[in-house]
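Asker: Pasting in a structure now, in structure tokens, and then I'll have a few things to ask.
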Amino acid sequence: MSQGVKMRVKIGVELEYRLAQPGPVLLMLEAAGAGGQDLRSTAIDFGRVEHLARVPGEEGIGERIILRAADHIRCRYDAEVAISRGCPDLAGLAADQVDEMPGDALRYLLSSRYCQAERFVSFATQRFGDLEGGAKVQAIRDWVEQRLDYVPGVSTASTTAADTFLERRGVCRDYAHLMIALCRAAQIPARIASVYAPPVEPPDFHAVVEVYLQGGWHLVDPTGMARADQMALIAVGRDATDVAFMTTMTAAEMVSQEVRVTAG
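Here the sequence shown stands for residues 1 to 264, where the numbers follow the UniProt record's numbering.
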């Protein structure tokens, strides 16, 4: 590997969905050319579509593809990403004062659809109030991983952080939503990040968390499946609404979907 590159991640995605009626489809599935990673190769093919456009993703990270298809969508995406970021030493990072935070951090202190931070203020204060900065984030991350059971199929598109806190089980997006809500309740900016990561089995679009500490954003996986130096970042946002790999304006039925992620 070249100097500074810690890992190469090879990605392959093939998907086909049938649409109930013609309409726009929003996709976010390409790895971003963002800090800590470089795109060494990338190719995407949709076959024949009626219209295709691109707009920047949240915070300028990645791109959202907008296309219009008649009755189905097919996509093949292949990429190789070189990752140079390391793993954050959370315990050694200080929290930023709220009145000194930039706008792109401040907005991630606020509640969102799936992360109702105001409902966790009392618990976060009681459980983690004796800690500061990155040590508090590490304790929140550890608590979420230890207290939740990873159980596919138990949550739905409407499951919130509050639901997960009560049920104590879910999948990666549920872990991420709960950690985000707890961090925001503790006045630490946190946002969701969608990534590809070789250790995740079975390979899939994986949801993790980015926290803002000591003037920068740091990737953390509350499921414990992957490290920051193994993640190929796709997109970031307030919660799962902003980073869904596919959003349709009409009903969509999956015909096939395969995600392959390997260390190159």
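No residue lacks a Cβ here, since even glycine has one placed at the ideal position from N, Cα and C.
1) Name the DSSP bridge partner or partners of residue 65?
2) So, residue 161 versus residue 191, is the Cβ gap smaller than 9 Å?
3) Beta-carbon separation of residue 125 and residue 181 under 9 Å?
4) Do the CB positions of residue 152 and residue 179 come within less than 9 Å of each other?
5) From the DSSP secondary-structure annotation, give me the bridge partner or partners of residue 101.
6) Any idea if residue 89 is buried or exposed, counting beta-carbon neighbours within 10 angstroms, 16 or more meaning buried?
7) Which class does residue 1 belong to by DSSP, given the choice of helix, strand or coil?
8) Pairs of beta-carbons, one from the region 220-236 and one from the region 40-54, closer than 8 Å: are there three or more?
9) Opposite residue 151 in the DSSP bridges: which residues?
10) May I ask which residues mark the beginning and end of the beta strand (DSSP E) holding residue 37?
11) Does DSSP put residue 114 in a helix, in a strand, or in coil?
12) Whole angstroms are fine: how far does the CA of residue 82 sit from the CA of residue 1?
13) Would DSSP call residue 75 helix, strand or coil?
14) Whose C-alpha, out of 210, 156, 59, 77, is nearest the C-alpha of residue 41?
15) Would you mind reading off the limits of the alpha helix (DSSP H) that contains residue 173?
16) Tell me, to the nearest whole angstrom, how far the beta carbon of residue 74 is from that of residue 47; I am working on the premise that it is less than 8 Å.
17) Of all the options 198, 258, 147, 56, which has the alpha carbon lying nearest to the alpha carbon of residue 174?
18) Let's test the definition: count the other Cβ atoms within 10 Å of the Cβ of residue 194 and tell me whether it reaches 16, buried, or not, exposed.
19) Enumerate in chain order the residues of its own chain whose CB-to-CB distance from residue 56 is below 7 Å, with the five nearest sequence positions on each side excluded.
20) For residue 194, which beta-bridge partners are listed by DSSP?
21) Quick one: what does DSSP say residue 90 is sitting in, helix, strand or coil?
22) Report buried or exposed for residue 149, applying the criterion of at least 16 other Cβ atoms within 10 angstroms of its Cβ.
23) Roughly how far, in whole angstroms, is the beta-carbon of residue 207 from the beta-carbon of residue 176, given that I think they are within contact range, below 8 Å?
Answerer: On the basis of the data shown:
1) For the purposes of this step, residue 65 is identified with residue 65 of the sequence shown, where counting begins at 1. DSSP lists 27, 54 as partners of residue 65.
2) Stepping through the sequence shown from its first residue, residue 161 is reached at position 161. Stepping through the sequence shown from its first residue, residue 191 is reached at position 191. Between residue 161 and residue 191, the C-beta spacing is not below 9 Å.
3) Taking the first residue of the sequence shown as 1, we reach residue 125 at position 125. Taking the first residue of the sequence shown as 1, we reach residue 181 at position 181. For residue 125 and residue 181, no; Cβs fall outside 9 Å.
4) Sequence index remark: in the sequence shown, residue 152 carries index 152 (1-based). Sequence index remark: in the sequence shown, residue 179 carries index 179 (1-based). Between residue 152 and residue 179, the C-beta gap is not smaller than 9 Å, which leaves the two residues out of contact.
5) Here residue 101 refers to the residue found at position 101 when the sequence shown is read from its first residue. DSSP lists no partner for residue 101.
6) Within the sequence shown, residue 89 is the residue found at index 89, counting from 1. So residue 89 ends up on the exposed side.
7) Taking the sequence shown and counting its residues from 1, the one referred to as residue 1 is at position 1. Per-residue confidence for residue 1 stands at a pLDDT of 44, beneath the threshold of 50, marking its modelled position as unreliable; no derived number is given.
8) With a cut-off of 8 Å, the region 40-54 and the region 220-236 do not count as touching, because too few Cβ pairs lie within range.
9) The residue given as residue 151 occupies position 151 in the sequence shown. Looking at the DSSP output, residue 151 shares a beta bridge with no other residue.
10) Here residue 37 is taken as the residue at index 37 of the sequence shown, counted from 1. Residues 37-45.
11) Within the sequence shown, numbered from 1, the residue matching residue 114 stands at position 114. Coil at residue 114, not helix or strand.
12) Residue numbering aside, residue 1 sits at position 1 when the sequence shown is read from its first letter. Residue numbering aside, residue 82 sits at position 82 when the sequence shown is read from its first letter. For residue 1, the predicted structure reports a pLDDT of 44, less than 50, and the residue's modelled location is therefore unreliable. The matter cannot be settled from this model.
13) In the sequence shown, residue 75 corresponds to position 75, counting from 1. If DSSP states are grouped into helix, strand and coil, residue 75 belongs with the strands.
14) What you label residue 41 is simply residue 41 of the sequence shown in a count that begins at 1. Cα-wise, what sits closest to residue 41 is 77.
15) Within the sequence shown, residue 173 is the residue found at index 173, counting from 1. Membership of residue 173 in the alpha helix (DSSP H) is indicated by the continuous run 172-185.
16) What you label residue 74 is simply residue 74 of the sequence shown in a count that begins at 1. What you label residue 47 is simply residue 47 of the sequence shown in a count that begins at 1. Cβ-Cβ separation between residue 74 and residue 47: approximately 5 Å, consistent with a contact (criterion under 8 Å).
17) Taking the sequence shown and counting its residues from 1, one reaches residue 174 at position 174. Out of 198, 258, 147, 56, 147 has the C-alpha closest to the C-alpha of residue 174.
18) Here residue 194 corresponds to residue number 194 of the sequence shown, with the count starting at 1. Residue 194 should be labelled buried.
19) Here residue 56 refers to the residue found at position 56 of the sequence shown. For residue 56, where only same-chain residues beyond five positions count, the Cβ hits under 7 Å are 63.
20) As a position in the sequence shown, residue 194 is number 194, starting the count at 1. Residue pairing of residue 194 in beta bridges, as defined by DSSP: 207, 235.
21) By one-based count along the sequence shown, residue 90 stands at place 90. If DSSP states are grouped into helix, strand and coil, residue 90 belongs with the helices.
22) The residue labelled residue 149 in the question sits at position 149 within the sequence shown. Residue 149 comes out exposed.
23) Sequence index remark: in the sequence shown, residue 207 carries index 207 (1-based). Sequence index remark: in the sequence shown, residue 176 carries index 176 (1-based). For residue 207 against residue 176, the beta-carbon gap comes to about 4 Å, under 8 Å, which counts as contact.
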